[in-house]
Amino acid sequence: MSDKLKIALFGFILISSLLFSIGNDYLSNRFTKPDEKNRVINDLNTEGFKLIAESEKLELWFDEKNYSIRILNKESGYLWGLVDSENLSGMNNIWKGIASSVLTIEYFDDNALNYLLSISDKSVIKKYSKLENGIKIEANYESLAIKLKLYIYLNDDHIEFYIPYESIDEKGNFKLASIYIAPFLGAVRENKKSGYIFIPDGPGALIRFSKSSLNSSMFEKRIYGKDYSIDNLREVSDLKASRPNDFLREEPSIYMPVFGIVHGVNQNAIFGRIISGAEYSSIVAYPSGVISPFYWASFKFIYRQKYLQPTTRSGNGIQVPQKLKNKLDVRYRVYFLTGEQASYVGMAKFYRNILVKEGVLVKKPKSGNIPLSLDFVVSELEKKVLGFNSIKVTTYKYIEKCIDYFKHLGVNKLNIFLEGWQERGRSGNKISKFSFEKSVGGKDGLLSLYKKFNDNDIKIYLVENVTKVTQQQININKEAGTNLSQSLIYEDKNNRDLWFFRSYYTNIKLSSDYLKEKALKMNELGIKNLALKDYGIKLYGELIVDNEIYRNQAKELIVKTIANISKNTNISFFNANDYLWKYTDSIINIPMNNSQYLYETDTVPFLQILLSGYIEYFVPFMNDGFFSKLDVLKAIDFGAYPNFILTEIDNYYLSKTPLWYYPSTKFEDWKNSTVDIYKEINKALKHVRGFSISDRDVIAPGIVLVSYENGVSFLINYTENKYEYGNFTVLPESWILISKGEDKYE
């Protein structure tokens, strides 16, 4: 069988797969399970604790023996706290102290080995003093010569933890690595209570409480992803996920600094949010059976981590801690939620309201048919016997015909993304230049396309990636970023047979400057739509000696750059961290699954619920892998719009380009399926465009009821059997629309 026939056959199988389901996939952790409705019993008390502060809704209690806290929710009568000193069986003495006290530090000794020590340890000299609305704790880890201060403030519906950077004092050889604040607040032993931990892994993940199992690993991810200026990017694979890094879709990231713990769905919950210090923080979550018999989750505030210190010119070295600690003032709030707010849905709505008040999320009136996202690759680099040359993938004239095709079939709302419009294409364009690839129509062809079609219904975006680039796109010695090891910042794929298995990360100052210059030149040509890949979502510093830009400073630079560009340009992002949402027109490739670690029991659309009605979002490319009917239903479930990557030429002719790993992108092969999928999703979501998700309930395995603020609800059936719901019948692997009690399904 010829290579061309193999590729064509695979493309046919891929398109055909949309007609079929994948068995009981809805029972996997790619979907959401029904909640248990068991009532939760309050098993803590305030015996041995002192009342420190009180607000209208909360009381803060303190135990001066173990330096433990309890918080009473006066509305519900539910008492939150760390692990009771009488409930510490199954842990060693170190972890007993961590579980029952409000403060734990991690430190490096002079051999670069790291250890944990809680404030309850007898070696720690500590004292506390009452404040008007809280307490100040002074901790002197005398044996380590490390001192710090922790403030706990009680507010109306939350407590706030605060550690000023200036309060941290280090005198000796021991160095502060990280800090945990009340890490076991809300911890649950095995399945003693019904509920779960919520973590914002991709769209969102739950870790449901159950009997201790064979879990051998825990969850830890940096907020906003890896810090490329210090983290090791050349690891073989992520051992916790046991997955290589050669996938078309990257492993989900953490886009916002929040987590939650639920004690009884719609009963009691805590919701944690970092106000300051997120750039140097991780979210950690431990299943029962790992370290302790408890489920617990917390933020980890990182002051130092190890990096590779070179000892030879070849790049070999040793792992040593940072000499200078990261500069962060820690501010971390814990909100206490009850009733309908005590679930991942309630938390998402609660957080949404906060972001609306802060001006991060702003309503932009939308209604009617949803947009269809089409990502056209215009040109790309092709490998030759000697070097590379650009290959014509999709001409502007052909894109005009594609748009006319969709309009003729009644698909009038289109977001068109142009990749590789620059000279030398998608993977070869010099990011410092503003240029046009002549073989596909050049500047005149692009402007003709833009002026002919760009209007209120059709938006044409130029795609830019000035951040994660190939060696063909930059002068690596002058434009690539520098990490703490004083090496270039790059990332290798496990499979070195891939085209451009190595990606470089551009100096953040240069990439920001290039972006501003390009946006200005676009505006001069009358182009007002820009789509960004990797810029802002990849958060890293520039650590060349004597000219450092630290991670928190890089974030400030990114926000300033995007805020400036957004004044005259609509910006869409291929995923976006929370500090970019204020300036975001839409989000492309929004994650639809969590990392699928074994201990993650559910995928939930926390991110989608949060953004719904404020920022429009699109699924990852529907034709970059086996996409089933269940995924179409999931798009409706999550309120996500369809998205395809397309080319004019057959994939066979892309076999010597970086696009070789896309199985099927030819427009002629996909045009019918694209319309069919769009119309199915639009049939549902056109009724709720511009409105926020107000509720989501898994009423039975594979049966989901999603409701919107305008009174419209969808009942989605992922199963292979019909489902009876009141007077309605939902066919297998189908959905119905319910509006004000009437069945509107066509």
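In numbering that gives the first Met the number 0, the protein residues as written are 0 to 745.
Glycine residues also receive a C-beta, built at the ideal position from the N, C-alpha and C atoms.
Quick caveat: nothing in here was measured; it's all calculated off a predicted structure.
{"Asked": "Beta carbon of Y152 nearer than 8 Å to that of Y164", "Found": "no"}
{"Asked": "Contact belief for L487 with Y503 at Cβ below 8 Å, rounded distance in angstroms", "Found": "7 Å"}
{"Asked": "Whole-number beta carbon distance between F218 and I138, since they are thought to touch under 8 Å", "Found": "The amino acid occupying residue 138 in the given sequence is Ala; Ile does not appear at that position. Contact doesn't hold; Cβ gap of about 27 Å is too wide."}
{"Asked": "Segment limits, alpha helix (DSSP H) that includes R351", "Found": "343-356"}
{"Asked": "Whole-angstrom distance between G427 and K492, CA atom to CA atom", "Found": "19 Å"}
{"Asked": "Separation of K305 from E516, as counted between CA atoms", "Found": "36 Å"}
{"Asked": "Residues bridged to K49 [DSSP beta-bridge criterion]", "Found": "F61"}
{"Asked": "Exposed unless 16 or more other CB atoms sit within 10 angstroms - verdict on S313", "Found": "exposed"}
{"Asked": "Own chain residues within Cβ distance below 6 Å of I797, not counting five before or after", "Found": "The first residue shown for the chain is 0 and the last is 745, placing residue 797 beyond what the model contains."}
{"Asked": "N716 and S738 closer than 8 Å at C-beta", "Found": "no"}
{"Asked": "Y578 beta carbon less than 8 Å from that of T466", "Found": "no"}
{"Asked": "Assumed close pair I253, D200 - CB separation to whole angstroms, cut-off 8 Å", "Found": "7 Å"}
{"Asked": "R233 to N494 span [Cα, whole Å]", "Found": "At R233, the pLDDT of 49 sits below 50, so the modelled position is not reliable; the number obtained from the coordinates is stated separately. Near 12 Å, if we compare the C-alpha coordinates of N494 and R233."}
{"Asked": "C-alpha distance - L87 paired with Y331, whole-angstrom precision", "Found": "26 Å"}
{"Asked": "Exposed unless 16 or more other CB atoms sit within 10 angstroms - verdict on Q318", "Found": "exposed"}
{"Asked": "Whole runs of the beta strand (DSSP E) within the segment 408-459, excluding any shorter than 3 residues", "Found": "413-418"}
{"Asked": "Beta-carbon proximity list for F376, same chain, < 8 Å, skipping 5 on both sides", "Found": "Per the sequence shown, residue 376 should be read as Val rather than Phe. So the list reads V392, T393, E418, G419, R425, I644, L645, T646, L658, T664, once near-sequence residues are dropped."}
{"Asked": "For I570 and E547, the rounded distance between their alpha carbons", "Found": "28 Å"}
{"Asked": "Limits of the unbroken beta strand (DSSP E) element including A204", "Found": "204-207"}
{"Asked": "T728 - partner residues in DSSP beta bridges", "Found": "E723"}
{"Asked": "V705: first and last residue of the uninterrupted beta strand (DSSP E) it sits in", "Found": "702-707"}
{"Asked": "Span separating the alpha-carbon of I415 from that of N574", "Found": "17 Å"}
{"Asked": "For L323, the nearest candidate out of E85, Q421, F173 (CA to CA)", "Found": "F173"}
{"Asked": "Counted within 10 angstroms of its Cβ, other Cβ atoms place D237 as buried (16 or more) or exposed", "Found": "Confidence is the limiting factor: at D237 the pLDDT is only 44, short of 50, which leaves the residue's position unreliable, though a coordinate-based value still follows. Exposed is the call here."}
{"Asked": "Buried or exposed by the 16-neighbour rule on C-beta atoms within 10 Å, applied to P309", "Found": "exposed"}
{"Asked": "DSSP-derived helix/strand/coil call for E755", "Found": "Lying outside 0 to 745, the shown extent of the chain, residue 755 is not represented and no answer is given."}
{"Asked": "Under 8 Å between C-beta atoms of A181 and L81", "Found": "yes"}
{"Asked": "Three CB pairs or more closer than 8 Å across the segment 109-127 and the segment 140-154", "Found": "yes"}
{"Asked": "Reference L147, options L606, K537, D168, closest by Cα", "Found": "D168"}
{"Asked": "Whole-angstrom distance between F572 and A530, CA atom to CA atom", "Found": "6 Å"}
{"Asked": "Bridge partners - T466, DSSP secondary structure assignment", "Found": "In the DSSP output, where bridge partners are listed per residue, T466 has none listed."}
{"Asked": "Residues near L50 by beta carbon distance below 7 Å, same chain, minus five either side", "Found": "E58, W60"}
{"Asked": "For Y25: DSSP bridge partner residues", "Found": "None, per the DSSP bridge assignment."}
{"Asked": "Among V264, Y661, E278, the one whose alpha carbon lies nearest that of G224", "Found": "E278"}
{"Asked": "S241 burial status per 10 Å Cβ neighbour count (16 or more: buried)", "Found": "Low local confidence applies: a pLDDT of 42 at S241 is under 50, so the model's placement there is unreliable, and no value is given."}
{"Asked": "Alpha carbon of Y404 to alpha carbon of G444, nearest angstrom", "Found": "19 Å"}
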